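Residue numbers (my numbering), protein chains in the order written: chain D, 105 to 241; chain F, 105 to 241.
Ideal placement from N, C-alpha and C gives every residue a C-beta, glycine not left out.
It should be emphasised that the depicted structure is a prediction, and the values quoted were computed from it without experimental measurement.
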DNA sequence: AATCCTGTAATTATTATCATTACAACTGGT
DNA sequence: ACCAGTTGTAATGATAATAATTACAGGATT
């Protein structure tokens, strides 16, 4: 798991609060990463249809209202893993347990991941923005 | 996130099916990792009270019945992260969003993690063993 | 035309993960 | 008492994942 997801939420929060057009350089300054990382993230968000960007012109704009964007939408937009729980890769197929553990764990991990994602779907970007305003006051 | 968690479940499944005493070397052969990795995992499981091991003597024994060990118990026993969702580390404190995003995301991530862990608590080692037997048949 | 910006690929640096080596502490059998 | 085998643990090295950086083509605005 990399930190693209939290970066994406951060970026979308900035765009939502949006005063002026935010260049990738500016966003990078707030997020604390290199501008190229920002552009990769906005690229994925654009591919997912969450924002519009145009080559050559600074700034990005949300395509929907913030209360219509869930944190699960964001999670799926970025390069997030199918499951945040990591499996060991080389169980011994000659052992009855080793031969089947991946399949069994995959089911368990899938269910746990579904529970996590379901919770993410209950929070919207608007909720995040509201919480940010609360903290700032 | 490392793969100690899935390794731990694998090891406990072997111990549960347990015919003879399983040395760390044997367990390593089934799991597909180095024996030292196994000993580190069993060490954590012992510290968490899930199994007994003795220095110098091969084998490990569960301290409770498999239906009394949930996958959440195992998750907490190993060196698993508080949240599987990763936060970016250097948001700019001079920016209103950057100053508060970690706090806001921490709440969201904690809730999502709680949903995941709640799901893990609903599956026991006995369930895993039963599923393994189903697959093997 | 000149300047600024995005999209993207490629490279390097950093960090995290795992394998391996090494060895002290301990056990059980001979 | 000795010895072979094992666990616990630290330390080191190899590999893989992550992020920073460089580079530049494609496009916009003045």
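Check	Outcome
Assigned exposure category for residue 161/F - 16 Cβ within 10 Å defines buried	exposed
Interface residues of chain D facing residue 223/F [CB-CB closer than 7 Å]	215, 216 and 219
Interface partners of residue 55/F on chain D, CB under 9 Å	Outside the shown range of chain F, which is 105 to 241, sits residue 55/F, and nothing can be said about it.
Assigned secondary structure, residue 198/F (DSSP; H/G/I helix, E/B strand, else coil)	coil
Burial state of residue 197/D (16 or more Cβ within 10 Å)	exposed
Cα-Cα separation between residue 195/D and residue 183/D, rounded to whole angstroms	26 Å
Residue 156/F (DSSP reduced to helix, strand or coil)	strand
Within chain D, partners of residue 147/F - CB distance below 8 Å	What residue 147/F touches in chain D: nothing, since even the nearest Cβ is about 17 Å away.
Short Cβ contact (9 Å threshold) for residue 154/D with residue 120/D	no
Environment of residue 124/F [buried if 16+ CB atoms lie within 10 Å]	exposed
Cα-Cα separation between residue 106/D and residue 188/D, rounded to whole angstroms	10 Å
CA-to-CA distance, residue 118/F to residue 136/F, given in whole angstroms	13 Å
Residues within the region 175 to 206 of chain F neighbouring chain D, beta-carbon criterion of under 8 Å	175, 188, 189, 190, 191, 192, 193, 194, 195, 196, 199, 200, 201, 202, 203, 204 and 205
Which of helix, strand or coil DSSP assigns to residue 113/D	helix
Meets three-Cβ-pair contact criterion under 8 Å: the region 209 to 229 of chain F and the region 209 to 217 of chain D	yes
Helix, strand or coil at residue 165/F according to DSSP, with G and I counted as helix	strand
DSSP state of residue 214/D mapped onto helix, strand, coil	helix
Proximal residues of chain F, C-beta to C-beta of residue 136/D below 9 Å	192, 193, 194, 195, 196 and 202
Per DSSP, the bridge partner or partners of residue 174/D	228/D
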